[in-house]
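Visitor: Below is a structure I'd like to ask you about.
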């Protein structure tokens, strides 16, 4: 689905995007075209990861993920994009976020929050995606990767990712939300009432983590969450 072709910084499309897309401090942006199978826009990459904007490409962005996060990050990108590409309505509302570590061109690890969303679509098909990659030194990255899904069909999106990525050390925003309340001492019934879902829905968020993180009890799960910076 991706190529190593960088953006043409002299193209009309690139110059139009340069005027239209706002970039924030400590952020690098790309726009990738599925129609052209190439990057069509890149901005800010030398500032945060040491790659020139006419040098960076999608294959490089994937391969500079640090080794401990690479398997999950690659599979998340793959599964999430495949899910989005099955949708035909409200495409601009779909996207996903992941906290990950990227390797700077000089070899130093950089903590990055990556947000990927649909940038353009035509006739119910995604034609371009936009990725915003922002340095965030305030996040503490442990062995567990954190991610979230967005869109009208958010629950199905996140459930599908949870099912597909079960063997990885990862946690979704929905699972983290429930685990945060568990750590504060709330019972499953109270959490269900607070989040306006059924008690069984809360159990489905919490109990699978026992096997995923190889813990034996709720107390063990909470300790694991603190030790791996899932909970502050």
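In this note's numbering, the protein residues as written are 152 to 383.
Beta carbons: idealized from backbone N, C-alpha and C, even for Gly.
1. Compute the beta-carbon to beta-carbon distance between residue 201 and residue 257, rounded to the nearest angstrom, for a pair I have assumed lies under 8 Å.
2. Work out the CA separation of residue 185 and residue 277 for me, nearest whole Å.
3. Which residues in the same chain as residue 353 place their Cβ atom closer than 7 Å to its Cβ, once the five residues preceding and following it in sequence are excluded?
4. What number of angstroms, rounded off, separates the C-alpha of residue 254 from the C-alpha of residue 217?
5. Have a look at the DSSP bridge pairing and note the partners of residue 268.
6. Would you kindly work out how many angstroms separate the C-alpha atoms of residue 226 and residue 187, rounded to a whole number?
7. Which residue wins for smallest C-alpha separation from residue 292, given the options 174, 370, 251, 209?
8. Given residue 183, which residues of its chain have a CB within under 6 Å of its CB, disregarding the five upstream and five downstream residues?
9. Using 8 Å as the Cβ pair cut-off and three pairs as the minimum, do the region 263-273 and the region 228-243 touch?
10. Do residue 262 and residue 287 have their CB atoms nearer than 7 Å?
11. Confirm, please, whether the CB-CB distance from residue 325 to residue 309 is below 7 Å.
12. Find the nearest neighbour of residue 259 within the set 249, 199, 303, 282, judged by alpha-carbon distance.
13. Pick helix, strand or coil for residue 338, following the three-state DSSP scheme.
14. Which residues mark the beginning and the end of the alpha helix (DSSP H) in which residue 363 is found?
15. In its own chain, which residues sit with a C-beta less than 6 Å from the C-beta of residue 319, not counting the 5 before and 5 after it?
16. When the Cα atoms are used, what is the spatial distance from residue 235 to residue 192?
17. Tell me the residue span of the beta strand (DSSP E) that contains residue 182.
18. So the candidates are 221, 166, 246; which of them puts its Cα closest to the Cα of residue 321?
19. Identify every residue that forms a DSSP beta bridge with residue 220.
20. Under 6 Å Cβ to Cβ from residue 215, same chain only, skipping five residues before and after it: list those, please.
21. Would you list the one or two residues that DSSP bridges to residue 192?
Guide: According to the structure data:
1. About 6 Å separates the two Cβ atoms, so the contact holds.
2. Spanning the two alpha carbons is a distance of roughly 8 Å.
3. Sequence-distant Cβ neighbours of residue 353 in its own chain, meaning closer than 7 Å and more than five residues away, are 329, 339, 342, 343.
4. Going from the Cα of residue 254 to the Cα of residue 217 covers about 6 Å.
5. 246, 281.
6. Those two C-alpha atoms are separated by around 23 Å.
7. Considering only 174, 370, 251, 209, the residue with the shortest C-alpha distance to residue 292 is 251.
8. Only 190, 209, 280 meet the Cβ criterion.
9. With a cut-off of 8 Å, the region 228-243 and the region 263-273 count as touching, because enough Cβ pairs lie within range.
10. In this structure, the beta-carbon distance from residue 262 to residue 287 falls below 7 Å.
11. Contact: yes.
12. Ranking 249, 199, 303, 282 by Cα distance to residue 259 puts 199 first.
13. Reduced to three states, the DSSP call for residue 338 is coil.
14. Looking at the DSSP string, the run of the alpha helix (DSSP H) that includes residue 363 is 359-363.
15. 223, listed in sequence order.
16. Near 21 Å, if we compare the C-alpha coordinates of residue 192 and residue 235.
17. Annotation: the continuous beta strand (DSSP E) that includes residue 182 extends over 178-184.
18. Of the listed residues, the one whose Cα sits closest to residue 321 is 221.
19. Residue 220 pairs with nothing; no bridge assigned.
20. Cβ neighbours of residue 215 beyond the five flanking positions: 253, 254.
21. Looking at the DSSP output, residue 192 sits in a beta bridge with 182.
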